[in-house]
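I have placed the structure first, in the form of structure tokens, so that the comments after it can refer back to it.
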Amino acid sequence: MRKVLSILSLFVLLFWCEANSEAERKPWFYFGGALDLGINIHWADFNRLQDIPNCCPKFRTTTGVGWNLALLFQRELHKDWQARLRLGFDYEGIQFKENEFIGNTPVKYVTDLNQIVLVPVNVEHSLKPKLYGIYLEPSILYNVYDNLWLNLGLNLTQFVLTKVDQKEEIVSPDNIVFIDGSRIRNQYNDLDIPSVKKLYFRPLLGISYDFKVFGYALISPEVRFAFPLNNISNVDWKVSYINIGATIRFPVYPPPEIHYYYDTVYVRDTSTVAILGLKESRVFLTETKATLTEKKKVSDGYLFKTYISEKYTREVPKLSQLSTDIKVLGRSRQGEIQENPTLTIEELETEEMFPLLPYVFFPEGSANLDSASVKLIPRDKTKEFDENNLSWNTLAIYSELLNIIGKRLKLNPSA
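Per our numbering, the very first residue in the sequence shown carries number 1; after that it's consecutive.
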């Protein structure tokens, strides 16, 4: 029993947490159970059942205690209307008791069982039907006001046990027995009720009031009355009940609809290039690349986010004016860098002397000056000749030997 209670407690806790998470969703249907206790009412006007001996003058309407357990399925049809299906198991038995005064009844005294006498006696006729049934009960509920509901349905009961116990027992006087030596006669146990209608139809009217518990479950106290229409046997005998109890119902939500969301994020990078001679600015796409797609769980589905990288080039006109900035740094004799160094200017004069070889070499067997390794400029160009403009090279200076000597003799004729 403790394990069952623990499991039920855990179920209620889990349901409460689930119900809170479903706050904004509409239930698909409600599922739950019911437990009722009540009064069984047997409307009767007969003296005995068929083929079962009984001396009772008449059995009349009587009541007894009954109960039922049920499973519930309930769904909303409209704002104020709901449909309910109830499947349950119940007990609808009672006990008829009728007292009768019988005069001049043949009996025996308990003190002398060998003598039969006629005396008036009080007897009690008892008839105890045992009725257990499985029932199906479709119904419609109407919201009368606030959380108050009116229930109209049809009860279809399949009786699975229809037995009856019967007896007639002496109530008074206490010192007598029937002629068979017993205070009870016409006693039968577990007899089948004759001509019983095991499938029993009854209209049903009920009223209930809803209370919310555990967040979104409903507990509803209820009162139900079944109206008898036909006899349960072949005598004037109808069965109905008034039940008082409660139902508990838990919402069942449809599977959540999964939504898919798509988002694109553009990451743009622009490079600026200055072009000489360009008249106006222009921008153009140079590269596009889908870098990443990520999947993320959101409350009602999934979000797919794609990142796209785009590279643009922006060309702008370039100004032709050149602007420079020169910064002069110097190093001191100690090796230190200085922003305003001291500039020391040194002038060096170098003199190099090239000796003149006073020989002219001719090829063997030739006296032609043109074939020698020296040059001789024409007379009209002697004024333009300047030995200081010659290359500082010994062979180059030797090739100008005749021109150098001629120039010096011209400048110093007395030499």
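Cβ atoms here follow ideal geometry from the backbone N, Cα and C, with glycine treated the same way. A quick note: this is a predicted structure, and the numbers were derived from the prediction, not measured.
Query, Result
"According to DSSP, what are the bridge partners of V252?", "F29"
"Need the endpoints of the alpha helix (DSSP H) that I326 sits in, please.", "Where I326 is concerned, there is no enclosing alpha helix (DSSP H), given that its DSSP letter is neither H nor E."
"Would you grab the beta carbon distance between R250 and F31 for me? Rounded to a whole angstrom, and I think it's under 8 Å.", "According to the sequence displayed, residue 250 carries Phe and not Arg. With 8 Å as the limit, F250 and F31 qualify as a contact, their Cβ atoms being about 6 Å apart."
"So, using beta-carbon positions, are L87 and L154 closer together than 8 Å?", "no"
"For P53, which residues of its own chain have a beta-carbon under 6 Å away from its beta-carbon, when the five flanking residues on both sides are left out?", "N186"
"Taking one C-beta from the stretch 206 to 223 and one from the stretch 145 to 160 each time, how about it: are there three or more such pairs within less than 8 Å?", "yes"
"Do L131 and E92 have their C-beta atoms closer together than 8 Å?", "yes"
"Quickly, what does DSSP pair Y109 with across the bridge? List them, please.", "D112 and I176"
"Excluding sequence positions up to five away, which residues of its chain have a Cβ less than 7 Å from the Cβ of L376?", "L369, L402 and N403"
"Can you give me the C-alpha to C-alpha distance between F284 and E294, rounded to a whole angstrom?", "28 Å"
"Any idea what DSSP makes of L411, helix, strand or coil?", "helix"
"Closest by CA to K410, which one among Y398, G64 and K383?", "K383"
"Quick check: the Cα distance between L141 and A246, rounded to an integer number of angstroms?", "15 Å"
"Excluding sequence positions up to five away, which residues of its chain have a Cβ less than 6 Å from the Cβ of L199?", "Q158"
"Would you give the residue range spanned by the beta strand (DSSP E) that Y312 belongs to?", "G301 to K318"
"Once DSSP output is grouped into helix, strand and coil, what is the label at I41?", "strand"
"Excluding the 5 residues flanking L357 on each side, which residues of the same chain have their C-beta closer than 8 Å to its C-beta?", "Y398 and L401"
"List in chain order: all unbroken beta strand (DSSP E) runs of 3+ residues lying wholly within the stretch 193 to 237.", "199 to 209, 211 to 213 and 217 to 226"
"Ordered along the chain, which non-local residues of its own chain (more than five positions away) have a Cβ less than 6 Å from that of I170?", "V121, V123 and R183"
"Where does S240 land, buried or exposed, given buried means 16+ other C-beta within 10 angstroms?", "buried"
"To the nearest angstrom, report how far apart G301 and D80 are at their CA atoms.", "33 Å"
"Determine contact between the stretch 39 to 49 and the stretch 226 to 243, defined as no fewer than three beta-carbon pairs at a distance below 8 Å.", "yes"
"Could you have a look at I397 and say whether DSSP puts it in helix, strand or coil?", "helix"
"Kindly confirm or deny that the stretch 103 to 116 and the stretch 53 to 65 touch, where touching means at least three C-beta pairs closer than 8 Å.", "no"
"Return the Cβ separation of R268 and E310 in integer angstroms, given the expectation that the two are a contact with Cβ distance under 8 Å.", "5 Å"
"Measure the alpha-carbon distance for L69 versus G33 and round it to whole angstroms.", "8 Å"
"Using the Cα positions of Y266 and P341, report the straight-line distance between them to the nearest angstrom.", "55 Å"
"Go ahead and pull the three-state DSSP assignment for I418.", "Beyond the ends of the chain as shown, which are 1 and 415, falls residue 418; an answer cannot be given."
"Does DSSP put D380 in a helix, in a strand, or in coil?", "helix"
"For Y145, verify whether its CB is less than 7 Å away from any heavy atom of the ligand ZN.", "The ligand ZN is absent from the structure shown, which contains no ligands of any kind."
"Identify which residue in L118, I248 and N388 has its Cα closest to the Cα of A217.", "I248"
"Compare the Cα-Cα distances from T272 to each of Y261, T286, T264 and E257 and report the closest residue.", "T286"
"On the criterion of 16 or more Cβ atoms from any shown chain inside 10 Å, does A23 qualify as buried, or is it exposed?", "Caution is warranted here: a pLDDT of 46 is assigned to A23, below 50, making its placement in the model unreliable, and the coordinate value is therefore given only provisionally. A23 comes out exposed."
"Between the Cα of I244 and those of N231, Q74, F225 and N230, spot the shortest distance and give me the residue it belongs to.", "F225"
"When the Cα atoms are used, what is the spatial distance from E257 to K297?", "14 Å"
"S139 and R84: beta carbons closer than 8 Å?", "yes"
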